[in-house]
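Chains as they are written, first to last, in our numbering: chain A, 27 to 539; chain B, 6 to 486.
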């Protein structure tokens with residue numbers, strides 16, 4: 027039973043204690059419910075920091091892990107295996123960091139059925155953490171699908187006017203990819219005789235060499251996994267569920283959806299596609315980079331055309347995660363490191379943007395640009411915070427977005443040179459144009475909302491942010507500046523693991539060319 | 006009749022004797038106190054279950070190899086008896102509420118269960134036929150139990166006519182198989198094929214006819230036309246019992262007969278079975294989308310679930326995968342049983358005496374008024390779709406694995422795509438419960454609520470601990486005597 031004291035188990039399942047506590051609190055006592063959920067999530071964050079202290083950054087392998095035999099009968103070889111390494115530790119911390127902030131933002135936003143909301147939110151946290159820590163494909167699949175259920179309810183019950191359509195689109199679209207991944211998981215499990223991720227990483231090269239899994243099968247498996255992850259990221263052209271889901275979701279739901287759930291897709295590419303299917307990855311790299319660059323430019327262009335500020339932020343996610351995908355498939359140290367850092371950055375910046383949009387929505391119940399203008403005069407604190415977060419999203423040097431984007435572009439350029447996976451520097455070149463486009467739509471948004479004349483009557487009496495609202499943004503700001511000015515500790519956490527991942531690729535690339 | 010003969014069919018004998026005695030005792034139980042009949046029937050089932058569990062692990066054969074007792078039959082017998090107990094708990098309050106309370110209900114159930122027990126133990130085609138009739142005829146009567154209501158009478162008549170027709174196919178198939186191989190004993194048929202003394206073409210036609218007959222019983226497309234009307238018209242507890250018991254019995258027969266007697270016909274039958282499985286999964290799920298009545302929805306869902314089991318069944322003759330076929334089918338039958346009884350319990354809880362409360366729209370607002378019931382129904386809907394953390398996902402995982410191991414990746418793709426399609430209509434129920442306003446009526450009562458809670462908890466908890474059930478299912482491998 028001492029596996030219960032394993033830090034990963036504690037971090038993943040601690041919110042269940044909160045769920046248990048919530049079940050005993052009557053539904054009418056909203057304050058008690060909110061505080062219980064908030065304290066649970068803060069404690070979970072504390073526990074994840076404890077986990078971080080136990081983590082040795084210099085070790086590139088899976089740590090703090092364990093593997094319990096789970097279903098070992100009838101030819102199955104499924105274990106309950108968890109582990110953390112440099113690839114996932116930052117994402118786990120991002121999850122436990124954003125959850126209390128999201129819960130804090132619901133104080134005045136969610137008045138109906140608070141108990142159910144908090145229950146679903148804590149269950150969602152369990153699922154998300156589990157996805158990043160699972161080291162067995164069956165367990166990963168369970169956590170992956172499980173996150174769909176609370177998110178579906180969060181969008182469908184507490185969302186905007188078109189919430190049921192958005193929730194259904196979200197769950198069906200995501201499930202469509204997941205079921206293909208299920209078949210791929212089963213195929214891998216049958217051929218390799220195990221579902222354990224580290225075992226598969228060691229066994230698969232032998233299976234490819236002996237021809238048990240042909241090159242065609244490898245590509246099909248890669249595509250099956252990629253289908254699930256590409257829908258989740260979301261990559262162009264599989265992104266159409268995202269604007270609906272983001273716009274209709276309640277603020278806290280949007281924050282966690284953009285902040286964490288989308289990262290599950292990019293993490294999936296990193297953990298599974300890149301590690302399991304090296305040949306297929308190399309073959310697909312230019313194509314995926316192409317889709318990524320299209321996503322960057324398309325997302326930015328469509329963002330600029332939006333009238334609804336939440337939809338603008340939603341499409342900006344497509345654009346930002348295009349950078350992440352480009353960095354991943356550069357298949358070199360800078361590209362992947364930049365990509366992981368940008369995953370964290372996007373979670374922070376876009377999460378903060380959704381929070382800020384939520385503030386104005388609670389006051390004015392509209393998100394249309396035409397309803398705003400000159401808000402800086404009435405809400406200076408809000409304006410300042412929005413400015414910083416917008417600049418971070420835009421990639422201003424000195425803030426976190428720049429570090430990630432620059433590193434990715436460095437990696438993509440290197441991959442475009444001789445001996446790289448992409449074969450052309452045009453990918454990096456066009457992606458860099460995306461940085462300019464980001465500046466355009468972000469600054470246009472800021473100008474339309476905050477600058478200019480304050481001519482709408484309703485805007486003149488708006489109250490500035492209260493302490494609780496500021497408290498949700500300030501922790502994010504700390505990290506925006508920290509990562510922007512001194513990213514070294516963050517890179518140090520992931521460098522050895524990324525180096526290990528990338529080690530096989532230069533030889534493989536040379537073998538092809 | 007040797008001692009071994011009697012021991013092998015001891016559960017059946019006891020159950021029949023108990024049912025007959027109960028028939029007599031029921032005459033003396035006053036009209037308003039028919040709950041006693043239910044209790045006595047349950048006691049009988051529990052007793053027989055105890056004997057079955059005591060006999061589990063032993064392998065016996067009786068009556069010259071016509072009836073056997075092995076791991077396969079033990080597993081299924083426990084499933085049938087448990088279904089009977091759950092069926093009684095579903096019916097107990099419902100019959101009172103609808104004014105249908107008659108003791109014969111429980112006795113008919115006992116007779117039907119006897120037939121199901123015999124079906125799992127049948128090693129000879131004649132016994133299969135006997136068991137088929139014994140389990141079906143009480144079900145025909147039970148389907149028409151809500152006598153003044155026309156749709157119940159129509160359901161009973163439809164079930165009877167189409168069932169008799171299907172039984173005709175089964176008998177004709179048995180005749181042809183006998184003609185082709187010279188025996189009705191399953192192992193003898195296999196031996197005849199192996200030694201080359203059987204007429205293969207005639208055997209193939211016989212096998213195909215058997216497939217048609219049992220395809221009707223498990224509601225495979227295109228033999229499914231009776232299912233929606235019968236499921237909708239029959240009283241809900243009867244449907245709940247039928248949906249699990251008759252389907253499991255049908256699959257018991259299919260598995261036992263085809264794996265024991267016809268593995269050599271595997272190559273010829275694969276295209277047919279492939280088409281059957283694909284059609285069943287596709288048609289069942291697509292037509293379910295259009296349903297607005299919860300009973301019809303669950304009927305089409307039952308058709309689709311049978312399709313998933315057929316998907317695994319296609320590899321029945323592949324020696325490497327055979328054990329997996331049986332094990333995964335048995336596992337999924339248990340999964341389906343737990344989930345189905347739970348879902349039907351919820352349907353019964355919301356059904357009104359005049360037949361109201363059966364449209365999906367009547368579930369609106371259930372989450373606010375009866376949160377536990379809505380949560381339970383959500384669990385069942387998720388399990389039927391195959392989303393974690395429910396047993397349905399584990400079951401589907403096992404079925405898909407069998408299909409892929411057998412090499413039928415295309416069928417597995419159809420399976421997952423249709424599972425995705427099914428999410429649409431299962432989630433619609435969840436949407437209506439949680440995201441629409443309404444005033445659902447419907448009472449709870451103790452046994453029904455207990456059933457709902459127990460099955461919901463089992464669906465979630467067992468999904469984390471499926472190893473035991475996996476071991477039991479894979480241990481229930483047929484032994485060719």
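For each residue, glycine too, the CB sits at the ideal point set by N, CA and C.
The structure presented is a predicted model; accordingly, all values stated were derived computationally and were not measured.
Helix, strand or coil at residue 78 of chain B according to DSSP, with G and I counted as helix
Start at 1 with the first residue of the second chain, and residue 78 of chain B comes out as number 73. Helix at residue 78 of chain B.
Spell out a yes or no on whether the region 352-370 of chain A and the region 261-273 of chain A are touching, meaning 3 or more CB-CB pairs, one atom from each, closer than 8 Å.
no
Interface partners of residue 96 of chain A on chain B, CB under 8 Å:
One-based indexing of the first chain puts residue 96 of chain A at position 70. Within 8 Å Cβ-Cβ: 472.
Please list the partners that residue 202 of chain A has in chain B, where partner means a Cβ-to-Cβ separation under 7 Å.
One-based indexing of the first chain puts residue 202 of chain A at position 176. Those are 425, listed as they occur along chain B.
Can you name the residues that DSSP bridges to residue 376 of chain B?
Along the second chain, one-based indexing puts residue 376 of chain B at 371. DSSP lists no partner for residue 376 of chain B.
Restricting to Cα atoms, I'd like to know which of A/40, A/528, A/199 and A/424 is closest to residue 308 of chain A.
Indexing the first chain from 1 puts residue 308 of chain A at position 282. Closest option to residue 308 of chain A, Cα to Cα, is A/528.
For the region 438-449 of chain B, list every residue whose C-beta sits within 7 Å of some C-beta in chain A, in sequence order.
439 and 440
Which residues in the same chain as residue 438 of chain A place their Cβ atom closer than 7 Å to its Cβ, once the five residues preceding and following it in sequence are excluded?
The count along the first chain starts at 1 and reaches residue 438 of chain A at position 412. The answer, listed in chain order, is 352, 353, 356, 361, 448, 453, 454 and 457.
Using C-beta distances below 8 Å, list every residue in its chain close to residue 326 of chain B, excluding the 5 sequence neighbours before and after it, in chain order.
By one-based count along the second chain, residue 326 of chain B stands at place 321. Contacts found: 320, 407, 410 and 411.
Is the beta carbon of residue 93 of chain B less than 9 Å from the beta carbon of residue 114 of chain B?
Within the second chain, the letter at position 88 stands for residue 93 of chain B. Within the second chain, the letter at position 109 stands for residue 114 of chain B. Going by C-beta atoms, residue 93 of chain B is nearer than 9 Å to residue 114 of chain B.
Bridge partners of residue 206 of chain B, per DSSP?
Indexing the second chain from 1 puts residue 206 of chain B at position 201. None, per the DSSP bridge assignment.
For residue 133 of chain A, the three-state DSSP class (helix, strand or coil):
Numbered from 1 along the first chain, position 107 holds the residue referred to as residue 133 of chain A. Three-state DSSP puts residue 133 of chain A in coil, outside helix and strand.
Determine the contact status of residue 103 of chain B and residue 151 of chain B, defining contact as a CB-CB distance below 9 Å.
Taking the second chain and counting its residues from 1, one reaches residue 103 of chain B at position 98. Taking the second chain and counting its residues from 1, one reaches residue 151 of chain B at position 146. Yes, Cβ-Cβ distance for residue 103 of chain B and residue 151 of chain B is below 9 Å.
Residue 42 of chain B beta carbon less than 9 Å from that of residue 112 of chain B:
On the second chain, residue 112 of chain B is found 107 positions in, with the first residue counted as 1. On the second chain, residue 42 of chain B is found 37 positions in, with the first residue counted as 1. Going by C-beta atoms, residue 112 of chain B is nearer than 9 Å to residue 42 of chain B.
Between the region 215-228 of chain A and the region 278-293 of chain A, do at least 3 Cβ pairs fall closer than 8 Å?
no
Any idea if residue 300 of chain A is buried or exposed, counting beta-carbon neighbours within 10 angstroms, 16 or more meaning buried?
In the first chain, counting from the first residue as 1, residue 300 of chain A sits at position 274. The residue is buried, with at least 16 neighbouring Cβ atoms inside 10 Å.
Starting from residue 76 of chain A, trace the alpha helix (DSSP H) in both directions and tell me its first and last residue.
Position 50 of the first chain holds residue 76 of chain A. It spans 56-80 - the alpha helix (DSSP H) in which residue 76 of chain A sits, taken as one unbroken run.
Pull out every residue of the region 176-187 of chain A whose Cβ sits closer than 7 Å to any Cβ of chain B, in chain order.
179, 182 and 183
Beta-carbon within less than 6 Å of residue 258 of chain B's beta-carbon, same chain only, minus the 5 sequence neighbours each way: which residues are those?
Position 253 of the second chain, counted from the first residue, corresponds to residue 258 of chain B. Excluding residues within five positions, the ones whose Cβ falls inside 6 Å are 124, 133 and 219.
Unbroken beta strand (DSSP E) runs of length 3 or more, entirely within the region 252-281 of chain B: which are they?
none
Return the residues of the region 389-410 of chain B that lie within a Cβ-Cβ distance of less than 9 Å from chain A, sorted by chain order.
390, 391, 392, 393, 394, 398, 399, 401, 402, 403, 405, 406, 408, 409 and 410
Within 10 Å of its beta-carbon, does residue 180 of chain A have 16 or more other beta-carbons around it, so buried, or fewer, so exposed?
Residue 180 of chain A sits at position 154 when you count from the first residue of the first chain. Buried, since its Cβ has 16 or more Cβ neighbours within 10 Å.
Flag residue 458 of chain B as yes if its beta-carbon sits less than 9 Å from any beta-carbon of chain A, otherwise no.
Residue 458 of chain B sits at position 453 when you count from the first residue of the second chain. Not an interface residue.
If you draw a straight line from the alpha carbon of residue 476 of chain B to that of residue 431 of chain B, how long is it in whole angstroms?
Mapped onto the second chain, residue 476 of chain B falls at position 471. Mapped onto the second chain, residue 431 of chain B falls at position 426. Rounded to whole angstroms, residue 476 of chain B to residue 431 of chain B spans 30 Å at the Cα level.
DSSP puts residue 222 of chain A in a beta bridge; with which residues?
In the first chain, counting from the first residue as 1, residue 222 of chain A sits at position 196. According to DSSP, residue 222 of chain A bridges with A/162.
Buried versus exposed, by CB contacts within 10 Å (16 or more), residue 6 of chain B:
Taking the second chain and counting its residues from 1, one reaches residue 6 of chain B at position 1. Residue 6 of chain B comes out exposed.
Using a 10 Å radius around the Cβ and a threshold of 16 neighbouring Cβ atoms, would you call residue 439 of chain B buried or exposed?
One-based indexing of the second chain puts residue 439 of chain B at position 434. Buried: at least 16 other Cβ atoms inside 10 Å.
Could you tell me whether the Cβ atoms of residue 330 of chain A and residue 467 of chain A are closer together than 9 Å?
Here residue 330 of chain A refers to the residue found at position 304 when the first chain is read from its first residue. Here residue 467 of chain A refers to the residue found at position 441 when the first chain is read from its first residue. Yes. Within cutoff.
Would you report the Cα separation of residue 13 of chain B and residue 86 of chain B, rounded to the nearest angstrom?
Your numbering for residue 13 of chain B matches position 8 in the second chain. Your numbering for residue 86 of chain B matches position 81 in the second chain. Cα to Cα, the separation comes out at about 16 Å.
Nearest to residue 280 of chain B (by Cα), restricted to the options B/301, B/317, B/211 and B/303
Taking the second chain and counting its residues from 1, one reaches residue 280 of chain B at position 275. Per the Cα distances, B/317.
Just checking my contact of residue 347 of chain B with residue 381 of chain B at CB under 8 Å: how many whole Å lie between their CB atoms?
For this step, residue 347 of chain B is matched to residue 342 along the second chain. For this step, residue 381 of chain B is matched to residue 376 along the second chain. Confirmed, Cβ separation roughly 6 Å.
Just the Cα atoms here: how many angstroms apart are residue 95 of chain B and residue 449 of chain B?
Numbered from 1 along the second chain, position 90 holds the residue referred to as residue 95 of chain B. Numbered from 1 along the second chain, position 444 holds the residue referred to as residue 449 of chain B. The straight-line gap from Cα to Cα measures roughly 12 Å.
Any contact of the region 288-301 of chain B with the region 247-256 of chain B, i.e. 3+ C-beta pairs under 8 Å?
no
Using beta carbons (cut-off 9 Å, strictly below), is residue 476 of chain A in contact with chain B?
Mapped onto the first chain, residue 476 of chain A falls at position 450. Chain B contact via Cβ: absent.
Would the region 131-142 of chain A and the region 102-118 of chain A be scored as touching if the rule is three or more Cβ pairs under 8 Å?
no
Quick check: what's the CA-CA separation for residue 481 of chain B versus residue 334 of chain B?
Looking up residue 481 of chain B in the second chain gives position 476. Looking up residue 334 of chain B in the second chain gives position 329. Cα to Cα, the separation comes out at about 11 Å.
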